[in-house]
Amino acid sequence: MTGRPPPLTVRCPAKLNLYLEVVRRRPDGYHDLDTIMQAIDLFDELEVVPRRGPELTLECSDASVPADARNLVVRAALALRRHTGHAGGAHFRLAKRIPAGAGLGGGSSDAAGALVALNRLWGLGLSTARLTEVAAAVGSDVAFFLTGGTARCTGRGEQVEPLPAPRTFHYVLVCPALRVSTAGVYARVRFPLTPRRADAIMPLRELASGDVEGLGRALFNRLEAPAFLGHPSLANGKACLAASGNFVGVAMTGSGSALFGVCRAADRAVALERTMALHLGQTHGVRSLAHGARLVVA
Ligand code: C5P
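In terms of my numbering, the sequence shown opens at residue 612 and continues consecutively.
See below:
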């Protein structure tokens, strides 16, 4: 027996934005948000293999995803080393199922998964609060995936307030074959906005009470208009989903391009089948998840 620990596997879920308001443009070029994020059961899988040397290397099932230091997994590992002074290396094997450039947070979730796994593999013993500090330095959405479930996120998105959401909600997710530039969408947001009275409109009450119709009515994403301006096919896709009669509400997630509909549990199978027949893109039936990136226990 050598002393080398076995590889670890993390399942990294996607997210939907059930509500997203842009509050203001910040001096650093980012935007302050008020958003409700929901983890869903569509996963990337990240395997983390220990290595003797200090190298950080990554192989990815999707050749279009960069495997170098541009990848958020590698950036998360580098940030963790800076934060702790740990000098260890690792090899990552990333199986992508969450489409990139779709507003589903796949890269951010993978980064959160890397933090969770390396914390264990390197024996760092960091609390979730300390990991959250590292996560915020890696990307706006990374901190959310440490806890996942349902959360209200503010600031750039990195200030995470977990919310109780006792009921499982069902969604059909449509991923058009289109990558959207997040920076491009934010650049097209028109200021000054007529701000919504967020607390009165956000679907918090519906989430807490399990009111699926209310949740459907309360869906909102400020980034839809600027994303649709650059990609008219997305506006058309949303209109098709809304007109299909399968959903109690339809919205885009994040800065796009993925769209989703909320449906009653009993309608999910039919809604999924009918949505597939619309040929708007890769289509998945998904449900809400009560956690974030998690180690798979062998
Ligand atoms: O944080 P992330 O790398 O995902 O952001 C990508 C781009 O999206 C940023 O460079 C910025 O232009 C824009 N963005 C923003 N405000 C946020 C999050 C992202 O303006 N809260």
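The C-beta atom is built at its ideal place from N, Cα and C for all residues, glycine as well.
| query | result |
| --- | --- |
| Heavy atom of the ligand C5P within 8 angstroms of residue 672 beta-carbon | no |
| Pick from 725, 722 and 841 that is closest to residue 794, judged by C-alpha positions | 841 |
| Within 9 angstroms, strictly: CB atoms of residue 868 and residue 892 | yes |
| The ligand C5P heavy atom lying under 8 angstroms from the CB of residue 743 | no |
| Any non-hydrogen atom of the ligand C5P within 8 angstroms of residue 768 CB | yes |
| Counted within 10 angstroms of its Cβ, other Cβ atoms place residue 754 as buried (16 or more) or exposed | buried |
| Length-filtered (3 minimum) beta strand (DSSP E) runs lying within the segment 701-770 | 761-766 |
| One or two residues paired with residue 874 in a DSSP bridge | 781 |
| Residue 842 beta carbon near the ligand C5P (any heavy atom closer than 8 angstroms) | no |
| Option in 798, 792 and 780 with minimal Cα separation from residue 827 | 780 |
| Nearest to residue 752 (by Cα), restricted to the options 886, 836 and 631 | 631 |
| Identified DSSP bridge partners for residue 899 | 651 |
| Proximity to residue 662 [Cα-Cα], best of 651, 884, 713 and 614 | 614 |
| Among 655, 880, 839 and 882, the one whose alpha carbon lies nearest that of residue 866 | 839 |
| Given 8 angstroms, three or more beta-carbon pairs between the segment 742-752 and the segment 681-689 | yes |
| Whole-angstrom distance between residue 864 and residue 750, CA atom to CA atom | 17 angstroms |
| Proximity winner among 800, 658 and 673, relative to residue 641 (alpha-carbon distances) | 800 |
| Segment limits, beta strand (DSSP E) that includes residue 620 | 619-636 |
| Near the ligand C5P: residue 798 beta-carbon under 8 angstroms from a heavy atom | yes |
| Any non-hydrogen atom of the ligand C5P within 8 angstroms of residue 641 CB | yes |
| Segments assigned alpha helix (DSSP H), at least 4 residues, entirely inside the segment 796-845 | 809-812, 815-820, 823-829 and 835-841 |
| Segment contact, 8 angstroms Cβ cut-off, at least three pairs: the segment 867-881 with the segment 719-738 | no |
| Cβ contact check for the segment 732-740 and the segment 805-825: 3 or more pairs under 8 angstroms | no |
| At least 3 beta-carbon pairs within less than 8 angstroms: the segment 764-772 vs the segment 692-709 | no |
| The ligand C5P heavy atom lying under 8 angstroms from the CB of residue 867 | no |
| beta-carbon residue 644 near the ligand C5P non-hydrogen atom, thresh 8 angstroms | yes |
| Start and end residues, beta strand (DSSP E) containing residue 859 | Counting along the chain, residue 859 falls outside any beta strand (DSSP E), and DSSP gives it neither H nor E. |
| Boundaries (first-last residue) of the beta strand (DSSP E) holding residue 670 | 667-671 |
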